[in-house]
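Novice: Take a look at the following structure, please.
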């Protein structure tokens with residue numbers, strides 16, 4: 030360390046809630062993997078691998094996934110509207126179709142310039158387009174005034190938790206395992222995370238009795254439990270909720286007056302069964318039993334980062350509010366105003382996601398081909414990985430269901446657990462670190478998401494192309510087991 | 030109101046710190062102006078004006094300002110890299126120059142896809158480009174590891190205040206008048222804003238004795254004053270600090286061990302004198318008096334939203350840290366990781382801003398012409414507005430100095446103050462509301478930024494084209510004064 034005089038800030042006096050927040054997806058392992066990547070880029074040949082595989086984060090376009098052509102063509106025109114003065118060149122020489130040009134013109138007419146701030150909750154016409162999509166998806170009305178365009182779903186979660194959490198005593202039910210955004214945000218807000226466990230024995234299903242138990246226990250301690258987070262399809266588990274499960278959750282939310290936060294960013298990444306939106310199920314319940322469910326408050330989140338869109342880097346998303354008090358909505362509006370607005374080009378991408386080319390449109394055929402190819406690729410890779418896990422000693426993994434992840438259990442020999450303890454590490458972290466050092470494959474240890482005491486897991490995306498890296502995991506695991514047996 | 034049963038959340042039980050936060054720039058007046066705009070768009074002819082002029086917010090491209098061609102050409106290629114397969118068409122038919130194509134290729138080689146998450150602190154090569162710019166600007170080294178790319182400067186301020194504020198007792202010195210992002214963020218964090226007044230009698234200069242007084246008073250009350258915000262050039266005042274003023278501030282920061290947060294987003298919007306960066310002055314002091322200033326911590330912020338770039342909607346920016354403890358930097362890195370990364374296309378725009386075409390480059394001539402035309406236009410409009418204010422009874426305004434704003438004092442007759450009180454409004458808010466209703470011109474009342482007890486101001490941008498709106502303010506003011514005299 031340098032000998033500069035100490036400044037005002039040090040690790041002991043910064044915001045303790047920042048200090049406490051944990052975010053394993055981009056933690057020590059991720060940082061180390063980037064160091065390896067930089068080393069390899071410098072031509073270093075010391076490492077026992079030639080490539081770093083970032084299977085720690087759902088970042089499709091960092092790996093193999095190509096963006097959807099229609100989306101990017103429209104965005105290129107939004108970025109440089111001067112190109113619209115050359116329609117003939119676009120159409121005849123650059124492969125742009127008429128619907129690309131029309132859409133770009135329409136978006137520009139509504140947003141003005143993508144370099145201008147929009148309304149704090151997003152460009153009104155884009156919010157209307159989202160509302161139209163939700164109506165088509167669910168068969169129930171949606172109102173543009175209840176839609177908030179956000180910088181990815183993360184920023185939406187941040188907004189909602191900021192407004193919902195009154196103080197340290199506010200409790201939010203969060204599934205375990207979970208995407209660590211939730212626990213990190215609650216730590217920052219100094220609110221109480223009330224964990225409920227998903228049921229690994231039923232393919233990570235949502236078990237309402239587990240939710241009830243966790244809620245009752247927290248309430249008995251005096252916690253003001255006021256919201257429940259549901260990630261459907263699940264992250265890191267991939268599990269997809271049945272309509273009955275959603276009804277049970279909504280029923281419980283109604284009884285306990287819990288705000289439902291439905292993280293539905295993987296709604297198109299479903300391999301088994303069918304995605305059911307919380308909004309549709311809530312509206313159906315309200316229709317079936319008039320009056321009974323009227324007080325239920327639902328916030329559902331979506332993003333351009335996931336699905337077949339996979340445009341993480343653009344930071345676009347939205348959330349819809351159902352049943353929220355107008356005065357509470359005004360506070361949400363004020364909160365989003367403070368950071369001005371979501372990136373406008375990402376708002377345009379949200380519009381393209383919810384309103385893609387339709388059959389008969391000039392760009393439809395290519396769009397449809399690209400979309401299906403991405404979907405099928407993801408599914409194939411998921412199964413290839415799953416089959417590889419099936420061959421690994423002490424590893425158990427349910428059949429892939431959706432999202433972009435697998436979350437196998439791994440049973441590690443006692444000697445390995447001891448070796449981990451000697452390093453002051455959790456056993457799953459120790460395992461993932463050794464794997465990274467040996468193979469260049471970066472996973473996230475289960476402890477980053479939470480797991481039942483005494484169980485160990487890791488999360489891997491199934492985005493990386495090829496099978497070599499899968500083979501290297503199998504090989505590493507064999508060596509690891511042999512070493513510590 | 031509807032008769033739906035009350036939900037869990039209401040205005041009395043949401044986060045009290047969100048409730049307390051104020052953000053006048055996008056408050057009641059702004060919302061009302063948007064309603065008027067929508068009315069006019071529907072063809073409504075009831076209103077006494079034909080156009081809404083949003084002079085409340087520094088949003089150049091919402092008004093007259095065109096984006097700089099070089100920037101948007103490069104971004105269009107980053108959005109649709111397939112266009113790079115048609116270089117001949119780009120060059121010969123679409124007016125793209127070779128440096129546009131080269132830059133896009135370089136950015137894509139460094140970022141991968143703009144649809145992929147980057148490193149949490151931004152694409153390394155773009156951080157290096159920012160560091161290179163800072164070295165050229167200041168004549169002192171800069172390190173890419175100390176640069177954090179952010180979603181506009183607002184998100185940088187949010188990050189820094191989050192880490193700096195330990196609890197309710199943490200005090201941050203904030204200039205009054207100020208951009209309300211600071212007070213709003215401190216309210217959200219439940220930390221203490223320690224206001225210090227700028228000196229209107231010296232063209233809104235920074236008066237170190239006022240800072241000392243405010244700091245001493247807060248410390249006497251037991252507040253842990255640990256940082257000072259300086260907005261240079263000023264918002265809403267436009268004032269530009271002299272090198273001596275900056276030395277005095279840094280000296281005081283050294284004595285009191287205050288972290289300096291230098292909001293330098295208007296660094297190129299300077300009409301009078303010259304911009305001096307805090308970094309350069311700090312490094313100069315450190316060179317002149319070795320050892321003495323080594324412990325000073327400085328964070329300086331920049332954005333693509335302001336200057337001649339004016340790309341607010343893209344949400345790009347960065348901050349540089351100087352003298353921060355590595356462990357504190359690690360907390361900052363973790364904090365930004367939780368929201369993953371700044372929009373990657375906006376990161377590319379940051380790179381273009383700090384590394385624009387140079388003399389001799391194919392795109393230089395047009396870039397230079399566009400840049401200077403924007404600068405001169407802003408200056409002309411600022412002076413036209415200033416001259417108009419000079420003719421208004423009871424209005425006083427210093428000569429335009431920089432940024433995008435004028436912040437005149439207005440003396441309102443006692444009868445108008447009474448009428449405002451009868452409506453339960455501050456007098457400046459009352460004035461601005463009547464102005465909006467009569468003319469469609471939206472300003473921000475001085476109370477939104479803070480002002481000395483007993484004084485009234487408003488802030489207006491000088492971005493809107495034409496002179497008609499200026500005339501309508503003059504006319505309104507005359508009528509207002511006559512009515513309430």
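Residue numbers (the working numbering), protein chains in the order written: chain P, 30 to 514; chain W, 30 to 514. The beta-carbon is built from N, C-alpha and C at its ideal position, and this holds for glycine as well.
Indicate the three-state DSSP secondary structure (helix, strand or coil) for residue 305(P) in the structure shown.
Specialist: If DSSP states are grouped into helix, strand and coil, residue 305(P) belongs with coil.
Novice: On the criterion of 16 or more Cβ atoms from any shown chain inside 10 Å, does residue 83(P) qualify as buried, or is it exposed?
Specialist: It counts as buried.
Novice: Using a Cβ cut-off of 8 Å (strictly closer), state whether residue 471(P) contacts chain W.
Specialist: Answer no: the Cβ-Cβ gap between residue 471(P) and chain W never drops below 8 Å.
Novice: List, in chain order, every chain W residue whose beta-carbon is nearer than 8 Å to that of residue 341(P).
Specialist: Per Cβ cutoff of 8 Å: 144, 145, 146, 369.
Novice: Return no unless some Cβ of chain P is closer than 8 Å to the Cβ of residue 499(W).
Specialist: Taking Cβ atoms only, chain P never reaches closer than 8 Å to residue 499(W), which makes this a no.
Novice: Taking Cβ to Cβ, would you say residue 472(W) is nearer than 8 Å to residue 489(W)?
Specialist: Yes; because the gap between Cβ atoms is below 8 Å, this pair is in contact.
Novice: For chain P, is any of its Cβ atoms less than 8 Å away from the one on residue 185(W)?
Specialist: No, residue 185(W) does not count as interfacial toward chain P.
Novice: Measure the alpha-carbon distance for residue 168(P) versus residue 158(P) and round it to whole angstroms.
Specialist: Each residue's Cα considered, the two are about 15 Å apart.
Novice: Is any beta-carbon of chain W found at less than 8 Å from that of residue 37(P)?
Specialist: So yes, residue 37(P) belongs to the interface.
Novice: Quick check for students: name the residue ranges of the alpha helix (DSSP H) that lie wholly in the stretch 454 to 500 of chain W, counting only runs of 4 or more.
Specialist: The qualifying runs are 456 to 468.
Novice: For the stretch 151 to 239 of chain W, which segments carrying the alpha helix (DSSP H) assignment without a break, of at least 4 residues, lie completely within its bounds, in sequence order?
Specialist: Entirely contained in the stretch 151 to 239 of chain W, the alpha helix (DSSP H) runs reaching 4 residues are, in chain order, 153 to 167, 181 to 193, 210 to 218.
Novice: How many angstroms separate the CA atom of residue 39(W) from the CA atom of residue 355(P)?
Specialist: Using only the alpha carbons, I get a separation of about 9 Å.
Novice: Quick test of the definition: if touching needs 3 or more C-beta pairs under 8 Å, does the stretch 195 to 208 of chain W touch the stretch 318 to 330 of chain W?
Specialist: These segments do not touch.
Novice: Measuring only the C-alpha atoms, how far is residue 301(W) from residue 261(W)?
Specialist: Using only the alpha carbons, I get a separation of about 13 Å.
Novice: Measuring CB atoms only, is the stretch 303 to 314 of chain P touching the stretch 265 to 283 of chain P, in the sense that at least three cross pairs come out at less than 8 Å?
Specialist: Touching, yes, given that three or more Cβ pairs across the two stretches are closer than 8 Å.
Novice: Is residue 114(P) helix, strand or coil when you go by DSSP?
Specialist: Residue state, collapsed to three classes: helix.
Novice: Ordered along the chain, which non-local residues of its own chain (more than five positions away) have a Cβ less than 6 Å from that of residue 506(W)?
Specialist: Around residue 506(W): 421.
Novice: Counting Cβ pairs closer than 8 Å, one from the stretch 338 to 345 of chain P and one from the stretch 80 to 99 of chain P, do we hit at least three?
Specialist: Segments in contact, yes.
Novice: Can you name the residues of chain W whose CB is closer than 7 Å to the CB of residue 374(P)?
Specialist: Simply 343, 374.
Novice: Residue 86(P) versus chain W: which residues are under 9 Å apart at the beta carbon?
Specialist: Simply 146, 369.
Novice: Are the Cβ atoms of residue 391(P) and residue 126(P) separated by less than 8 Å?
Specialist: Contact flag set, yes.
Novice: Taking Cβ-Cβ distances below 9 Å as the criterion, which residues of the stretch 191 to 214 of chain P are in contact with chain W?
Specialist: Cβ contacts with chain W come from 191, 192, 193, 194, 195, 196, 199, 209, 210, 213, 214.
Novice: Return the Cβ separation of residue 92(W) and residue 494(W) in integer angstroms, given the expectation that the two are a contact with Cβ distance under 8 Å.
Specialist: Between residue 494(W) and residue 92(W) the Cβ distance is about 6 Å, and since that is below 8 Å, they are a contact.
Novice: Evaluate residue 416(P) with the Cβ neighbour count: other Cβ atoms within 10 Å of its Cβ, from every protein chain shown; 16 or more gives buried, anything less gives exposed.
Specialist: Exposed, since its Cβ has fewer than 16 Cβ neighbours within 10 Å.
Novice: Taking the DSSP output, what are the residues bridged to residue 330(W)?
Specialist: DSSP, once it has assigned bridges, lists 292(W), 348(W) as partnering residue 330(W).
Novice: My output table needs one value for residue 31(W): the three-state DSSP class, helix, strand or coil.
Specialist: Reliability fails at residue 31(W), whose pLDDT of 43 lies under 50, so the model's placement of it is uncertain and the value that follows must be treated cautiously. Coil at residue 31(W), not helix or strand.
Novice: State the Cα-Cα distance for the pair residue 234(P) and residue 457(W), rounded to the nearest angstrom.
Specialist: Rounded to the nearest angstrom, the two C-alpha atoms are 58 Å apart.
Novice: Smallest Cα separation from residue 424(W): which of 486(W), 491(W), 439(W)?
Specialist: Here the closest residue by C-alpha is 439(W).
Novice: Please tell me whether residue 129(W) and residue 102(W) are closer than 8 Å, where the distance is taken between their beta carbons.
Specialist: Cβ atoms of residue 129(W) and residue 102(W): closer than 8 Å.
Novice: Here's the rule: buried if 16 or more other CB atoms are within 10 angstroms of the residue's CB, otherwise exposed. What is residue 229(W)?
Specialist: Result: buried.
Novice: Grouping DSSP H, G and I as helix and E and B as strand, with all else coil, what is residue 342(P)?
Specialist: Reduced to three states, the DSSP call for residue 342(P) is helix.
Novice: When Cβ atoms are compared, which residues of the stretch 119 to 141 of chain W fall closer than 7 Å to chain P?
Specialist: Cβ contacts with chain P come from 122, 123, 141.
Novice: Is there a C-beta anywhere in chain P that falls below 8 Å from the one on residue 240(W)?
Specialist: Judged by the 8 Å Cβ criterion, residue 240(W) is not in contact with chain P.
Novice: Return no unless some Cβ of chain P is closer than 8 Å to the Cβ of residue 40(W).
Specialist: Yes, its Cβ sits closer than 8 Å to a Cβ of chain P.
Novice: State the DSSP-derived secondary structure class of residue 57(P), mapped to helix, strand or coil.
Specialist: Three-state DSSP puts residue 57(P) in a helix.
Novice: Would you call the CB atoms of residue 51(P) and residue 209(P) closer than 8 Å?
Specialist: Their beta carbons are under 8 Å apart, which means residue 51(P) touches residue 209(P) by this criterion.
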